[in-house]
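For the sequence shown, the working numbering begins at 1 and goes up steadily by one. Glycine is no exception: its CB is placed at the ideal position from the N, C-alpha and C atoms. Keep in mind that this is a model prediction, so the values were computed, not measured. Below is one structure; the comments refer to it alone.
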Amino acid sequence: MALAATLLSSAFIRGRCCRHKVLHPFLGPLLIESVSKSYSSYRRPGSQPEKTPSWQKIDFSFKKGIDVLKTQLGLLKKESKDHLIGPEGRPLNEYILEQTRVVWVFRSQEDLNKWVISSDVEIGGKSEVYLKLGRNNQAALLYGTLNTEVPRDGETKYSGYCSMRSKPPVGSFAKKKYYDWSNFNSLYLRVRGDGRPWMVNIYTDPYFSHQKDDLYNYFMFTRGGPYWEEIKIPFSKFFLSSRGRIQDDQHPLWLDKASSISTLGFTLGDKVDGPFQLEIDFIGLINDRAHTEEFAYEKYERNPQV
1 MALAATLLSS AFIRGRCCRH KVLHPFLGPL LIESVSKSYS SYRRPGSQPE
51 KTPSWQKIDF SFKKGIDVLK TQLGLLKKES KDHLIGPEGR PLNEYILEQT
101 RVVWVFRSQE DLNKWVISSD VEIGGKSEVY LKLGRNNQAA LLYGTLNTEV
151 PRDGETKYSG YCSMRSKPPV GSFAKKKYYD WSNFNSLYLR VRGDGRPWMV
201 NIYTDPYFSH QKDDLYNYFM FTRGGPYWEE IKIPFSKFFL SSRGRIQDDQ
251 HPLWLDKASS ISTLGFTLGD KVDGPFQLEI DFIGLINDRA HTEEFAYEKY
301 ERNPQV
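Take a look at the structure:
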């Protein structure tokens, strides 16, 4: 598998919709659906930009506004109560002693709605990707067809990727929330694939705009066959990339809320045309006491002393 091509594929799905940020926070809950629809900010060469203001796309009614307000006030009440109990609404001793945690599980359509799928169709490609519940509603089934044919727009050079990405957590009144994984050192998954390699992507919401395309990546190799496999990926193995290019200045992924971890994703871009499928039972975290590595890659000193 070509590493550069796979990383480039992951960069395509980094679309962010910035125009919603200028709207009043109270309109945030009404824009969640429109944000998910505009998952990618990529615009094909030669196509006209969207000129319709975001506020004109809102289907607003007084009754709907009251219902949304009640829902958001309920979320605000729960957040306030959880804050008094302890981190993430749990007692402090339970939070400190936690060794494992299941973050995502797939047992209903509601669980699938927490994820967004995309493919190179956004850039004019021909790959197809679908997401549904597996047999007996016991897993998520991500399947489709990969097609590496490059769009004939005279500008796009690479194509052939499919992806699945979690939606960022949102609090009351569309307030941004982030994951705190500081108690753990490894990502833990139970999957069943078809032998293809996948790129696992962790996105952190940056403070500076020039870091908006940064991704932390690592490979997940599936063996194929009828049996499930449990995969453990230490966070120390994730490397930093930007716009599909591995960065020289590497640093470990910070796992507390200060690092602003917002989404987790999977990207297939191994340049092999044909069908694919990946079943995911759950995605969790584990604190592996046997793993003591802090960072797997060389870090360069920015201002070396002569």
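Around the CB of Phe238, 16 or more other CB atoms lie within 10 Å, so the residue is classed as buried. Taking 8 Å as the upper bound for CB-CB distance, Tyr130 and Gly144 are in contact here, some 5 Å apart. Taking a 10 Å sphere around the C-beta of Tyr300, we find fewer than 16 other C-beta atoms and assign the residue as exposed. A Cβ-Cβ contact shorter than 8 Å links Ile261 with Trp181.
If you draw a straight line from the Cα of Lys81 to the Cα of Trp115, it comes to about 27 Å.
Ala290 counts as exposed, since fewer than 16 other C-beta atoms from the protein chains shown sit within 10 angstroms of its C-beta. Excluding the 5 residues flanking it on each side, Leu75 has same chain C-beta neighbours closer than 7 Å at Gly171, Ser172, in chain order.
Restricting attention to beta strand (DSSP E) runs no shorter than 3 residues, the segment 248-272 encloses them at 261-268, ordered along the chain. For Tyr95, the secondary structure class from DSSP, reduced to helix, strand or coil, is helix. Beta-carbon to beta-carbon, Val102 and Phe235 are separated by about 17 Å, too far to satisfy the 8 Å threshold. Residues Thr222, Gly224, Phe276, Gln277 of the same chain have their beta carbon placed closer than 7 Å to that of Asp194, with the five preceding and five following residues left out of the count. For Lys132, the pairing in a beta bridge is given by DSSP as Leu141. Here Ile117 carries a strand assignment [DSSP, helix/strand/coil].
If the five residues before and after Ile117 are omitted, its C-beta is found closer than 6 Å to the C-beta atoms of Val129, Leu131, Met164, all from its own chain and listed in chain order. Taking 8 Å as the cut-off, the Cβ atoms of Asp213 and Lys176 do not count as close.
According to the DSSP secondary-structure assignment, Tyr179 is paired through a beta bridge with Ile261.
Closest option to Asn147, judged by alpha-carbon separation, among Asp120, Pro91, Ile66: Asp120. Taking the CA atoms as reference points, Arg243 sits about 13 Å from Asn201. Between the C-alpha atoms of Glu155 and Gly124 there is a straight-line separation of about 11 Å.
Look at Glu279 here: in three-state DSSP terms it is strand.
Take Glu294, set aside five residues on each side of it, and the residues of its chain with a beta-carbon closer than 7 Å to its own are Ser236, Pro252, in chain order.
Here DSSP, grouped into helix, strand and coil, assigns Pro87 to helix. Apart from sequence neighbours up to five positions away, the residues of its chain that approach Leu112 with a beta-carbon distance below 8 Å are Phe106, Leu131, Lys132, Leu133, Ala140, ordered along the chain. Checking the DSSP bridge columns, you'll see Trp228 has no partner listed. With a cutoff of 8 Å on beta-carbon distance, Ile246 and Leu187 are scored as not near each other. If you draw a 10 Å sphere on the C-beta of Asp248, you find fewer than 16 other C-beta atoms in it, and that means exposed. Annotation for Glu98: Asn183 place their beta carbon closer than 7 Å to its own, counting only its chain and skipping 5 residues before and after. Selection Gly269, Ser166, Glu279, Asn287 evaluated against Glu110 yields Ser166 as nearest (Cα-Cα). Shown here, Gly284 sits in a strand according to DSSP, grouped into three states.
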